[in-house]
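This report refers to the structure that appears directly beneath it.
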């Protein structure tokens, strides 16, 4: 035992305390029966306190000496929204809205060194601010069974919080701020009962993301690249059939979705999910008294075997460029479900 040095405890301790107080108000003003204005204000006091310590010999391998630090941040941001609604006809309405909000500061990463403490905000990120511009309309015509909704938006970010890998811990992700970024897009969905027993529904969405100014470290400029966290296009649709007879109610349903990956993500080695269709369906029956319902269902009708989600958790060690956890679309599944309502 005398030949072995005593064991030392290696680890880190983070004690965080958050205190948030807010006052807010919201109001509506009807100019006439077809036009109204609305708006709101929210004043927030956000206080964060952290006691941080790292100790032991293991962290010295990464250039981190024992450290103990206390830091407190206080922000009092003002959030607001303003907009207008109008009813053009009995079936058509529209709205426009501008809102401004924020996400509070947070700890940058799991391991803090002197370089973090030398930064203006210490080992906290800056708070994130967002101004959102949105325009949309809603159409509903009960006689024809048609409903349409659509909206377009532009999201302007200041100091958006981003997860990246940085020296010396390339195998871990850390939070930092991108000075400017934006998202532009639109989405639309519809629902139409085009016949007494038939209903069709569907939707489409488009998103374009962009870092306008983002230099996480000297010599590394990610300006002009996309976020890589959302599909560029999203499509979905469904068809339903229902028929009632003296025995009860028969139903059939089929749905599907399709994603198109973004083309401006800087990490080209990261495979994006989607870019393939997936279909699901079921048939069901319920008696007239609706005492029970039975369904025979199938998921992933085409037995598609492609990546469903992935998680890029680090920049890798040695020859590994990326560490990626990939979850594949489950294979085709069949099932039978029986539901019985209680308390009726």
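Numbering (our numbering), first residue to last: 12 to 355. The beta carbon of each residue, even a glycine, is placed where N, CA and C say it ideally should be.
Helix, strand or coil at residue 351 according to DSSP, with G and I counted as helix:
Taking the chain shown and counting its residues from 1, the one referred to as residue 351 is at position 340. The answer is coil: DSSP assigns residue 351 none of H, G, I, E or B.
Quick one: residues in its chain with C-beta nearer than 8 Å to the C-beta of residue 160, no 5 flanking neighbours on either side, listed in chain order?
As a first step, residue 160 must be located in the chain shown, where it is residue number 149. Excluding five sequence positions before and after residue 160, the CB atoms of its chain that fall closer than 8 Å to its own CB belong to 147, 148, 149, 150, 199, 200, 201, given in chain order.
Specify whether the stretch 22 to 32 and the stretch 58 to 68 touch according to this definition: at least 3 beta carbon pairs, one from each stretch, less than 8 Å apart.
Remark: three or more beta-carbon pairs, one from each stretch, lie closer than 8 Å, so the stretch 22 to 32 and the stretch 58 to 68 are flagged as touching.
Which one or two residues does DSSP pair with residue 145 in a beta bridge?
Against the chain shown, residue 145 aligns to sequence position 134. For residue 145, the pairing in a beta bridge is given by DSSP as 108, 164.
For residue 172, which option in 245, 222, 66, 252 has the closest C-alpha, if you only look at C-alpha atoms?
Taking the chain shown and counting its residues from 1, the one referred to as residue 172 is at position 161. When only C-alpha atoms are compared, the closest one is 222.
Could you spell out where the beta strand (DSSP E) holding residue 49 opens and where it closes?
What you label residue 49 is simply residue 38 of the chain shown in a count that begins at 1. Annotation: the continuous beta strand (DSSP E) that includes residue 49 extends over 46 to 66.
Taking the straight line between their C-alpha atoms, what separation do you get for residue 49 and residue 139?
For the purposes of this step, residue 49 is taken as residue 38 along the chain shown, with counting starting at 1. For the purposes of this step, residue 139 is taken as residue 128 along the chain shown, with counting starting at 1. For residue 49 and residue 139, the gap between their C-alpha atoms comes out near 25 Å.
Any contact between the stretch 255 to 267 and the stretch 221 to 236? By contact I mean 3 or more CB pairs, one from each, below 8 Å.
Taking 8 Å as the limit for Cβ pairs, the verdict is that the stretch 221 to 236 does not touch the stretch 255 to 267.
Assigned exposure category for residue 240 - 16 Cβ within 10 Å defines buried
Translated into positions along the chain shown, residue 240 becomes position 229. Label assigned to residue 240: exposed.
Inter-residue spacing [alpha-carbon to alpha-carbon] between residue 53 and residue 37:
Working through the chain shown from its first residue, we reach residue 53 at position 42. Working through the chain shown from its first residue, we reach residue 37 at position 26. In this structure, the alpha-carbon of residue 53 lies about 9 Å from that of residue 37.
Check whether the Cβ atoms of residue 188 and residue 164 sit closer than 8 Å, and answer yes or no.
What you label residue 188 is simply residue 177 of the chain shown in a count that begins at 1. What you label residue 164 is simply residue 153 of the chain shown in a count that begins at 1. No, the pair does not count as a contact, with Cβ atoms beyond the cut-off.
Using C-beta distances below 6 Å, list every residue in its chain close to residue 135, excluding the 5 sequence neighbours before and after it, in chain order.
Here residue 135 refers to the residue found at position 124 of the chain shown. So the list reads 84, 116, once near-sequence residues are dropped.
Quick test of your reading: residue 307 and residue 347, contact by CB under 8 Å. State the CB separation rounded to the nearest angstrom.
Here residue 307 refers to the residue found at position 296 when the chain shown is read from its first residue. Here residue 347 refers to the residue found at position 336 when the chain shown is read from its first residue. The beta-carbon separation of residue 307 and residue 347, rounded to 5 Å, stays under the 8 Å limit for a contact.
Counting only the same chain and skipping the five closest in sequence on each side, list residues whose C-beta sits under 8 Å from that of residue 197.
Sequence index remark: in the chain shown, residue 197 carries index 186 (1-based). Only residues of its own chain outside the window of five on either side were considered, and among them 161, 162, 163, 164, 216, 217 have a CB closer than 8 Å to the CB of residue 197, listed in chain order.
CA-to-CA distance, residue 245 to residue 168, given in whole angstroms
Looking up residue 168 in the chain shown gives position 157. Looking up residue 245 in the chain shown gives position 234. Residue 168 and residue 245: Cα-Cα distance of roughly 23 Å.
Anticipated Cβ contact below 8 Å, residue 249 with residue 213, distance rounded
Stepping through the chain shown from its first residue, residue 249 is reached at position 238. Stepping through the chain shown from its first residue, residue 213 is reached at position 202. Residue 249 to residue 213, Cβ: 7 Å. Contact.
Nearest to residue 243 (by Cα), restricted to the options 210, 224, 255, 286
To locate residue 243, count along the chain shown from 1; it is residue 232. That would be 286, whose Cα lies nearest to the Cα of residue 243.
Counting along the chain, where does the beta strand (DSSP E) carrying residue 287 start and finish?
Counting from 1 along the chain shown, the entry for residue 287 is found at position 276. Membership of residue 287 in any beta strand (DSSP E) is not indicated, and neither H nor E is assigned to it by DSSP.
Going by the DSSP bridge assignment, what does residue 92 pair with across the sheet?
Position 81 of the chain shown holds residue 92. 51, 110.
For residue 288 and residue 252, I'd like the C-alpha separation in whole angstroms.
On the chain shown, residue 288 is found 277 positions in, with the first residue counted as 1. On the chain shown, residue 252 is found 241 positions in, with the first residue counted as 1. For residue 288 and residue 252, the distance between alpha carbons rounds to 22 Å.
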